[in-house]
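Quick note, the sequence shown lines up with residues -1 to 104 if you use this note's numbering. Each residue gets a CB set at the ideal place from its N, CA and C atoms; glycine is no exception. In this text the structure is predicted, and so the values were computed from the model without any measurement. What follows is a set of notes on a single structure, which appears directly below.
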Amino acid sequence: MSFVGQGKKRGTVANDDDDTGIMARLSRAVSDSPITDATKRVANDAAYVSKKLLKSTGKAAWFAGTTFLILVVPLIIAMDRDQQFNELELQQQSLLGSPPALSPPK
């Protein structure tokens, strides 16, 4: 048993079961509502889907990265090598002079 209240009701005695405050009753009412259960369920489902999506996104990123390294990087290297070879030929032509043009047969 405990004393409850203030003011005119001072000194009245109430059971401990009735001694809950309005915030406690409101909190209990909100936490026991079906809306709260549905919200928790939706949040749990969203977290599960996000986790699966991140895992599959990581696998897709690994697949794309390794494919790029195997297929595209050698192509880029070959194109760069050809470009350097062409620049070297142009540099040699400018140093040595261009070869004489062949006259077309008559």
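- Between the beta-carbon of Val28 and that of Thr37 there is about 11 Å, and that puts the pair past the 8 Å contact cut.
- For Val70, no alpha helix (DSSP H) encloses it, and the DSSP letter there is neither H nor E.
- When DSSP states are grouped into helix, strand and coil, Asp30 belongs to the coil group.
- Across the structure, Phe66 and Gly56 are spaced so that their CA atoms are roughly 15 Å apart.
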